[in-house]
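*Asks:* Counting from 11, one number per residue, gives the positions in the sequence shown under this note's numbering. Think of the CB as a built atom: it goes at the ideal place given N, C-alpha and C, for glycine as much as any other residue.
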Amino acid sequence: MHILQIIPNLNLGGAERFVVDLSNELYNLDNKITIITFYEIDKENILLKSINSNIEVKFLSKKKGFDFRFFFKLKNEIIKINPDIIHSHLRALNYLFFSFNLNIPIVHTIHNSAEKETLNFYESIFRKYVFKYFKIHPITISEQSNNSFIKHYNSHLIKSTIIFNGRKQPTHSNNLSNVKREISAIKSKFGQNVKILINIARIEDQKNHIMLCNAINRVNDLGYNVVTLVLGGYRNKNSDKILSNLRKINNDKFIINGEVDHPTDYLFLTDYFILSSSYEGMPISLIESFSCNSIPISTPVGGVPEMIGTNGFLSKSTSEIDMAKCIIDAITIDEKEKLQILNKNKIKFESIFSIYSCAKNYNNYYKKIL
11 MHILQIIPNL
21 NLGGAERFVV
31 DLSNELYNLD
41 NKITIITFYE
51 IDKENILLKS
61 INSNIEVKFL
71 SKKKGFDFRF
81 FFKLKNEIIK
91 INPDIIHSHL
101 RALNYLFFSF
111 NLNIPIVHTI
121 HNSAEKETLN
131 FYESIFRKYV
141 FKYFKIHPIT
151 ISEQSNNSFI
161 KHYNSHLIKS
171 TIIFNGRKQP
181 THSNNLSNVK
191 REISAIKSKF
201 GQNVKILINI
211 ARIEDQKNHI
221 MLCNAINRVN
231 DLGYNVVTLV
241 LGGYRNKNSD
251 KILSNLRKIN
261 NDKFIINGEV
271 DHPTDYLFLT
281 DYFILSSSYE
291 GMPISLIESF
301 SCNSIPISTP
311 VGGVPEMIGT
321 NGFLSKSTSE
331 IDMAKCIIDA
341 ITIDEKEKLQ
351 ILNKNKIKFE
361 SIFSIYSCAK
371 NYNNYYKKIL
């Protein structure tokens, strides 16, 4: 099969990492893969560099904001490529409208709760219409994701299929020694008994960093010794406002590193991964924590409760009080319980959340709808 993956950009986000991993693994399953992104990308982009050299990546130079001409530019490019399957992600589906008559099956993965993937009422109506009347095949990524899809689109004529996200097994990067020095410096400053929590999330409202910072303050005020490292870039206009508010909280144990190329190096070298989001789909960073022997701590949002089950720690709500209690529960477990959680999550990763398992499921689904 010739499979065309379409995603707006290749920023260091979960959906973008997923598309790269999936494309590489689908190529390994004897498919031809092409990737289209809307915008030009720096050649040093870490995701771009990790794409198999046999996969063609096309940059279509879309203008910022709404670009009506881009509908036709994208359609013409699809005609040239002539794929068997189109697989779209995030808001790429919206620009495929004039390509729906090409008689090419389109698969669209919903990476968040369905209502969060649409910006407004009109976009929701548009998607409900195209899912209902065109050859679009929606994929949800968890039971919760599927339930949100059913509720949001409220139509028995629209059926979605669940395929869990996957991630390739992370490996140590060439930057591991620098990360070791960074972790060592934190322990020298705050004590060898300090618990280091890794948060892999861009700086935006969804990721709830102000709540997390306040929760960390609460935990330390109660006599515990906890540092959080935030690994994530600045995605939108609210990022500066969030950073300004975080500075006002004045917490030297809440360290923002910005975007890093290999965040999993930090997971390999620390004991805990923490997610504070107000909503999620099926976070790639959580899957990475399973594979890197890092105890997961999270708010109970999206598909996260399904993923963690009893092998990690879920707060009762997204409040800072409940998150603080959850953090304390996590950092006070004994070594025996910690090892049990890590072993079960490693097995879970290999059997359910590996990119190999995910790609096989997509590959079978593509063949089914052709």
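Looking at the structure shown, is S308 part of a helix, part of a strand, or coil, going by DSSP?
*Replies:* strand
*Asks:* Going by beta-carbon coordinates alone, are L207 and I294 separated by less than 8 Å?
*Replies:* no
*Asks:* Nearest to S194 by CA position, among Y163, I220 and V237, is which residue?
*Replies:* V237
*Asks:* With DSSP run on the structure shown, which of helix, strand or coil describes S109?
*Replies:* helix
*Asks:* Distance, Cα to Cα, S187 vs N374?
*Replies:* Their backbone Cα atoms lie some 41 Å apart in a straight line.
*Asks:* Taking E87 as the reference, which of L100, E66 and N41 has the closest Cα?
*Replies:* When only C-alpha atoms are compared, the closest one is E66.
*Asks:* Does the distance from the C-beta atom of G302 to that of N175 stay below 8 Å?
*Replies:* The residue you asked about is not Gly; residue 302 is Cys in the sequence shown. Their beta carbons are not under 8 Å apart, which means C302 does not touch N175 by this criterion.
*Asks:* How many angstroms separate the CA atom of I338 from the CA atom of N248?
*Replies:* 30 Å
*Asks:* Span of the alpha helix (DSSP H) holding V229?
*Replies:* Counting along the chain, the unbroken alpha helix (DSSP H) around V229 starts and ends at H219 to D231.
*Asks:* Are the C-beta of N261 and some C-beta of chain D separated by less than 8 Å?
*Replies:* In the structure shown, chain D does not exist; there is a single protein chain.
*Asks:* Can you tell me whether G23 is buried or exposed? The criterion is at least 16 other CB atoms within 10 Å of its CB, across all chains shown.
*Replies:* buried
*Asks:* Assign Q202 to one of three DSSP states: helix, strand, or coil.
*Replies:* In the three-state DSSP reduction, Q202 falls in the coil class, being neither helix nor strand.
*Asks:* What is the rounded straight-line gap between the Cα of Y105 and the Cα of N235?
*Replies:* In a straight line, the C-alpha of Y105 is about 49 Å away from that of N235.
*Asks:* Opposite N209 in the DSSP bridges: which residues?
*Replies:* V240.
*Asks:* Name, in chain order, the residues that DSSP records as bridge partners for Q179.
*Replies:* Answer is none; Q179 lacks a bridge partner.
*Asks:* Compute the distance between the beta-carbons of M221 and T119, then report whether it is under 8 Å.
*Replies:* no
*Asks:* Determine the closest residue to T171 out of F141, E298, E192 and N184, with distance taken between C-alpha atoms.
*Replies:* F141
*Asks:* Around the C-beta of Q154, are 16 or more other C-beta atoms found within 10 angstroms, so that it is buried, or is it exposed?
*Replies:* buried
*Asks:* I need the DSSP call for H12, collapsed to helix, strand or coil.
*Replies:* DSSP places H12 in strand when its eight states are reduced to three.
*Asks:* Excluding five sequence neighbours on each side, which residues of the same chain lie with their C-beta closer than 8 Å to the C-beta of E133?
*Replies:* N104
*Asks:* What does the Cβ neighbour count give for S109, buried or exposed, with the cut at 16 atoms within 10 Å?
*Replies:* buried
*Asks:* By the three-class DSSP mapping on this structure, what secondary structure does S165 have?
*Replies:* coil
*Asks:* So is F78 buried or exposed if we call it buried at 16+ other beta carbons inside 10 Å?
*Replies:* exposed
*Asks:* Considering S98, what are the terminal residues of the beta strand (DSSP E) in which it resides?
*Replies:* I95 to H99
*Asks:* Going by DSSP in three states, S117 sits in which element: helix, strand or coil?
*Replies:* The question names Ser, yet the displayed sequence has Val at residue 117. It is a strand residue.
*Asks:* So K178 and I56 are supposed to be a Cβ contact under 8 Å. How far apart are they, rounded?
*Replies:* With 8 Å as the limit, K178 and I56 do not qualify as a contact, their Cβ atoms being about 14 Å apart.
*Asks:* Compute the Euclidean distance between the alpha carbons of K205 and V189, then round it to the nearest angstrom.
*Replies:* Using only the alpha carbons, I get a separation of about 16 Å.
*Asks:* Are the beta-carbon atoms of T280 and S304 separated by less than 8 Å?
*Replies:* Their beta carbons are under 8 Å apart, which means T280 touches S304 by this criterion.
*Asks:* Identify, in the order they occur along the chain, each residue of the same chain with its Cβ nearer than 6 Å to the Cβ of N62, setting aside the five sequence neighbours on each side.
*Replies:* N34 and Y37
*Asks:* Who does E66 pair with in a DSSP beta bridge?
*Replies:* Beta-bridge partners of E66 (DSSP): T44.
*Asks:* Assuming contact is defined by CB atoms lying nearer than 8 Å, are I297 and F359 in contact in what I supplied?
*Replies:* yes
*Asks:* Closest by CA to H182, which one among T44, T274, D332 and L349?
*Replies:* T274
*Asks:* Just to confirm before moving on: does the CB-CB distance between I95 and Y282 stay below 8 Å?
*Replies:* No. Outside cutoff.
*Asks:* When you compare each of K370, L100 and L84 to T128 by their alpha carbons, which one comes out closest?
*Replies:* L100
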